[in-house]
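Enquirer:
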Amino acid sequence: ETGVTQSPTHLIKTRGQQVTLRCSSQSGHNTVSWYQQALGQGPQFIFQYYREEENGRGNFPPRFSGLQFPNYSSELNVNALELDDSALYLCASSLARTGVVDTQYFGPGTRLTVL
Amino acid sequence: EDQVTQSPEALRLQEGESSSLNCSYTVSGLRGLFWYRQDPGKGPEFLFTLYSAGEEKEKERLKATLTKKESFLHITAPKPEDSATYLCASSTADTGRRALTFGSGTRLQVQP
Numbered sequence: 307e308t309g310v311t312q313s314p315t316h317l318i319k320t321r322g323q324q325v326t327l328r329c330s331s332q333s334g335h336n337t338v339s340w341y342q343q344a345l346g347q348g349p350q351f352i353f354q355y356y357r358e359e360e361n362g363r364g365n366f367p368p369r370f371s372g373l374q375f376p377n378y379s380s381e382l383n384v385n386a387l388e389l390d391d392s393a394l395y396l397c398a399s400s401l402a403r404t405g406v407v408d409t410q411y412f413g414p415g416t417r418l419t420v421l
Numbered sequence: 266e267d268q269v270t271q272s273p274e275a276l277r278l279q280e281g282e283s284s285s286l287n288c289s290y291t292v293s294g295l296r297g298l299f300w301y302r303q304d305p306g307k308g309p310e311f312l313f314t315l316y317s318a319g320e321e322k323e324k325e326r327l328k329a330t331l332t333k334k335e336s337f338l339h340i341t342a343p344k345p346e347d348s349a350t351y352l353c354a355s356s357t358a359d360t361g362r363r364a365l366t367f368g369s370g371t372r373l374q375v376q377p
């Protein structure tokens with residue numbers, strides 16, 4: 307069974323640029339969630355995708371957007387990068403089933419540095 | 266608004282010195298309380314899910330418990346390899362999304 311994978315591992319961008327982060331979900335999972343983790347803080351929920359549709363969004367501006375593909379992999383896109391976007395971006399996958407509390411399994415993360 | 270608060274922020278133990286980490290939550294309709302372990306620069310690793318007050322789960326030197334307002338992660342006779350940040354997170358009854366609300370974590374250092 308393959309776990310959650312993310313690419314790239316590290317990324318350096320300059321303010322104003324755009325970035326795309328990628329995530330492959332764990333085999334058998336149908337839901338992908340994205341989190342932002344600043345240094346010394348817990349992860350903050352960005353949004354979640356279920357069956358290729360956004361299924362909830364945290365307190366992040368519209369310049370954070372995403373996609374989920376038929377194979378349940380996902381992308382996180384951030385436009386007009388700001389210095390405060392520097393963080394570890396985490397992808398988590400889970401199997402959403404009615405009436406069952408699903409467990410989210412995290413990937414290794416992408417470290418984004420904005421200069 | 267759901268809130269999860271962890272204490273202490275940092276904890277330094279000697280090898281073999283047992284202790285507990287605290288996670289207080291203020292959420293409406295708790296569906297699950299999760300514990301994760303995170304090593305520096307890596308993604309959180311799932312440890313436990315607790316669903317209802319009174320529930321307990323164990324894994325090696327770790328034991329998680331849940332009350333109506335708090336969860337505790339008890340570490341018995343820790344070893345240096347238990348050094349990590351421990352995160353707790355809540356999942357609530359908002360069925361429109363299945364987001365986790367995380368605390369800021371407890372950084373545990375176990376010295377030999």
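Those protein sequences? They're chains A and B, same order as listed.
Going by the numbering used here, the first residue of the first sequence is number 307, and it counts up by one from there.
Going by the numbering used here, the first residue of the second sequence is number 266, and it counts up by one from there.
Note that CB positions come from ideal geometry on N, CA and C, so glycine has one too.
1) How is A/Leu387 classed by DSSP in three states: helix, strand or coil?
2) Does the beta carbon of A/Gly334 sit closer than 8 Å to a beta carbon anywhere in chain B?
3) For chain A, find out if any of its Cβ atoms is closer than 8 Å to the Cβ of B/Tyr316; answer yes or no.
4) What are the residues that DSSP puts in a beta bridge with A/Val406?
5) For A/Ser313, count neighbouring Cβ atoms within 10 angstroms of its own Cβ and tell me buried if that reaches 16, exposed if not.
6) DSSP on B/Glu325, reduced to helix/strand/coil?
7) Can at least three beta-carbon pairs, one atom from the region 311 to 328 of chain B and one from the region 266 to 273 of chain B, be found at a separation below 8 Å?
8) With a 10 Å radius around its C-beta and 16 neighbouring C-beta atoms as the bar for buried, classify B/Asp304 as buried or exposed.
9) Quick one: give me the first and last residue of the beta strand (DSSP E) that B/Tyr301 is part of.
10) Could you name the residues of chain B that A/Leu396 contacts, counting a contact when the two beta carbons are closer than 8 Å?
11) Do the CB positions of A/Ser380 and A/Val420 come within less than 8 Å of each other?
12) Here's the rule: buried if 16 or more other CB atoms are within 10 angstroms of the residue's CB, otherwise exposed. What is A/Asn361?
13) Measuring only between beta-carbons, confirm whether B/Ser293 sits less than 8 Å from chain A.
14) Run through chain C and tell me which residues come within less than 7 Å of A/Gln410, C-beta to C-beta.
15) Mind checking B/Ser285: buried by the 16 CB within 10 Å criterion, or exposed?
16) Determine contact between the region 361 to 371 of chain B and the region 362 to 370 of chain A, defined as no fewer than three beta-carbon pairs at a distance below 8 Å.
17) Would you call the CB atoms of A/Tyr411 and B/Phe311 closer than 8 Å?
18) In the DSSP assignment, what are the bridge partners of B/Val375?
19) Quick one: does B/Ser283 have its CB under 8 Å from some CB of chain A?
20) How is B/Glu310 classed by DSSP in three states: helix, strand or coil?
21) Within 10 angstroms of the Cβ of B/Ala275, are there 16 or more other Cβ atoms? Answer buried if so, exposed if not.
Expert: Put simply:
1) Position 81 of the first sequence holds residue 387 of chain A. Looking at A/Leu387 - three-state DSSP - the assignment turns out to be coil, as it is neither helix nor strand.
2) As a working mapping, residue 334 of chain A is identified with position 28 in the first sequence. No - not a single Cβ of chain B is within 8 Å of the one on A/Gly334.
3) As a first step, residue 316 of chain B must be located in the second sequence, where it is residue number 51. At least one chain A Cβ lies under 8 Å of B/Tyr316.
4) Counting from one through the first sequence, the residue named residue 406 of chain A turns up at place 100. Its beta-bridge partners are A/Arg403.
5) Taking the first sequence and counting its residues from 1, one reaches residue 313 of chain A at position 7. Counting Cβ neighbours within 10 Å, A/Ser313 comes out exposed, since fewer than 16 surround it.
6) Numbered from 1 along the second sequence, position 60 holds the residue referred to as residue 325 of chain B. B/Glu325: coil per DSSP, three-state reduction.
7) no
8) As a working note, residue 304 of chain B is residue 39 in the second sequence. Its Cβ having fewer than 16 others within 10 Å, B/Asp304 is exposed.
9) The residue you call residue 301 of chain B lines up with position 36 of the second sequence. Where B/Tyr301 is concerned, the enclosing beta strand (DSSP E) stretches over 295 to 303.
10) Your numbering for residue 396 of chain A matches position 90 in the first sequence. Gly308, Pro309, listed in chain order.
11) For the purposes of this step, residue 380 of chain A is identified with residue 74 of the first sequence, where counting begins at 1. For the purposes of this step, residue 420 of chain A is identified with residue 114 of the first sequence, where counting begins at 1. In this structure, A/Val420 does not lie closer than 8 Å to A/Ser380 by Cβ.
12) Taking the first sequence and counting its residues from 1, one reaches residue 361 of chain A at position 55. Label assigned to A/Asn361: buried.
13) By 1-based counting over the second sequence, the position of residue 293 of chain B is 28. Not closer than 8 Å to any Cβ of chain A, the Cβ of B/Ser293 fails to qualify, so no.
14) Of the protein chains in the structure, A and B, none is chain C.
15) As a first step, residue 285 of chain B is located in the second sequence; it is residue number 20 there, counting from the start. B/Ser285 is exposed by the Cβ-count criterion.
16) yes
17) The residue given as residue 411 of chain A occupies position 105 in the first sequence. The residue given as residue 311 of chain B occupies position 46 in the second sequence. It is a contact, given that the beta carbons lie within the stated cut-off.
18) Stepping through the second sequence from its first residue, residue 375 of chain B is reached at position 110. Answer is B/Leu278.
19) In the second sequence, the residue the question calls residue 283 of chain B occupies position 18. No, B/Ser283 lies away from the interface with chain A (no Cβ there is under 8 Å from its Cβ).
20) Working through the second sequence from its first residue, we reach residue 310 of chain B at position 45. Strand.
21) Residue numbering aside, residue 275 of chain B sits at position 10 when the second sequence is read from its first letter. With fewer than 16 other Cβ atoms within 10 Å, it is exposed.
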